[in-house]
Amino acid sequence: MNDEHTIDLYYPSAAYAQGGVLWWELTVAPGSHSKPFGDERKLAAYLAFHVGQGGRFTMRSLRSALGATVPNSAEHLNRRLRQLRTRDGWILQSQRDNAALAHDEYRVEKIGWHPGCGFPRPVDDKPSDSVRRHVHERDGWMCVVCGIGARELYDDEPGKTARLTLGHRVPGARLGKETTINDLQSECARCNEPMRDELPNPPTLEELMPGIRSMSQGDKRELLRRMELNRRPRTRVDEYYTRVRRLSESERARLMASLEDMVSS
Numbered sequence: 031m032n033d034e035h036t037i038d039l040y041y042p043s044a045a046y047a048q049g050g051v052l053w054w055e056l057t058v059a060p061g062s063h064s065k066p067f068g069d070e071r072k073l074a075a076y077l078a079f080h081v082g083q084g085g086r087f088t089m090r091s092l093r094s095a096l097g098a099t100v101p102n103s104a105e106h107l108n109r110r111l112r113q114l115r116t117r118d119g120w121i122l123q124s125q126r127d128n129a130a131l132a133h134d135e136y137r138v139e140k141i142g143w144h145p146g147c148g149f150p151r152p153v154d155d156k157p158s159d160s161v162r163r164h165v166h167e168r169d170g171w172m173c174v175v176c177g178i179g180a181r182e183l184y185d186d187e188p189g190k191t192a193r194l195t196l197g198h199r200v201p202g203a204r205l206g207k208e209t210t211i212n213d214l215q216s217e218c219a220r221c222n223e224p225m226r227d228e229l230p231n232p233p234t235l236e237e238l239m240p241g242i243r244s245m246s247q248g249d250k251r252e253l254l255r256r257m258e259l260n261r262r263p264r265t266r267v268d269e270y271y272t273r274v275r276r277l278s279e280s281e282r283a284r285l286m287a288s289l290e291d292m293v294s295s
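31 is the number of the first residue of the sequence shown in our numbering; add one for each residue after it.
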């Protein structure tokens with residue numbers, strides 16, 4: 031038995047397409063003579079069968095594994111990985127999500143759809159990027175379930191930062207292109223994934239009114255003010271903290287150095 035065949039035994043049978051070729055080494059789609067096999071499918075299969083859940087990888091390792099089968103562009107690979115996240119249910123952590131990772135390293139937190147998994151690929155009908163940005167801007171780039179902000183560290187999970195996703199106000203409802211902005215809310219990935227189908231439906235006005243009527247006049251005025259603003263009033267520090275969290279790492283470092291000079295002078 032040669033070395034190449036020994037390496038093949040590392041993969042389960044589902045890692046191979048018809049003809050015994052690994053999914054990520056295909057050049058044309060199965061059953062076709064000319065239709066290219068999609069790069070996202072190749073990436074998904076490689077991550078599922080070679081990297082595995084909990085495994086780590088880099089863009090360089092993906093390029094090395096897929097070789098000339100994908101265009102030589104880091105942005106191309108990034109776009110394909112984003113599609114795996116938004117369409118196919120993958121959760122891929124970077125250093126922003128897990129401080130234990132190197133700056134060019136990723137971790138497979140959850141395996142999504144991939145060739146050989148045994149079920150059809152999800153239909154690509156998620157809300158657009160513009161809708162996603164609008165909802166996050168409206169919600170102040172914070173999870174409406176637990177209140178954590180985008181890229182903030184979880185108190186009970188050292189090193190893990192919050193990643194914002196879209197959730198439906200009515201748990202279990204389908205997120206499709208027909209979903210309106212008013213149906214959506216910002217949720218961190220931790221709140222969105224395990225709780226989506228377990229949270230109760232939003233309260234009705236009839237359920238809230240008795241408690242609101244029993245509030246003091248001062249509390250009623252504050253609630254009215256927040257509803258008029260459509261957000262929780264925040265200090266100037268809160269507002270700038272939300273904005274600076276979206277700076278690049280180099281810009282954050284420059285700002286921190288400037289602030290240290292300002293407060294020490």
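Every residue gets a Cβ at the ideal spot worked out from N, C-alpha and C, and that includes glycine.
- prompt: Should M172 go down as buried or exposed, given a rule of 16 or more other Cβ atoms within 10 Å for buried?
  reply: Buried.
message: Let's see if you can read the secondary structure: which residues bound the alpha helix (DSSP H) around L285?
response: Counting along the chain, the alpha helix (DSSP H) containing L285 begins and ends at E279 to S294.
query: For E269, does the count of other Cβ atoms within 10 angstroms reach 16, so buried, or fall short, so exposed?
result: Of the residues assessed, E269 falls on the exposed side of the cut-off, its CB having fewer than 16 other CB atoms within 10 angstroms.
field: Reference D118, options E217, W143 and H80, closest by Cα
entry: Ranked by Cα distance from D118, the options E217, W143 and H80 are led by W143.
- prompt: Going by other Cβ atoms of all chains shown within 10 Å of its Cβ, with 16 needed for buried, is F149 buried or exposed?
  reply: Burial is judged here by how many other beta carbons sit within 10 angstroms of a residue's own beta carbon; F149 has fewer than 16 and is exposed.
query: Relative to the C-alpha of Q77, which residue among L92, R162 and R256 is closest?
result: Per the sequence presented here, residue 77 reads as Leu, with Gln not at that position. Nearest option by C-alpha distance: L92.
task: Determine which residues share a DSSP beta bridge with G179 and list them.
output: BP columns for G179 point to M172.
- request: Out of Y271, K65 and W120, point me to the one whose CA is closest to P152's CA.
  value: That would be W120, whose Cα lies nearest to the Cα of P152.
Where the alpha helix (DSSP H) through V138 begins and ends: V138 -> not in any alpha helix (DSSP H); beta strand (DSSP E) instead, spanning E135 to K140.
task: Using 10 angstroms around the beta-carbon of S158, count the other beta-carbons present and answer buried if the total reaches 16, otherwise exposed.
output: Exposed: under 16 other Cβ atoms inside 10 Å.
- prompt: So what does DSSP say about C218, is it helix, strand or coil?
  reply: DSSP places C218 in strand when its eight states are reduced to three.
- request: Please classify V153: does DSSP put it in a helix, a strand, or coil?
  value: Residue state, collapsed to three classes: coil.
task: Output the distance between the C-alpha atoms of A219 and R193, rounded to the nearest integer angstrom.
output: Rounded to the nearest angstrom, the two C-alpha atoms are 6 Å apart.
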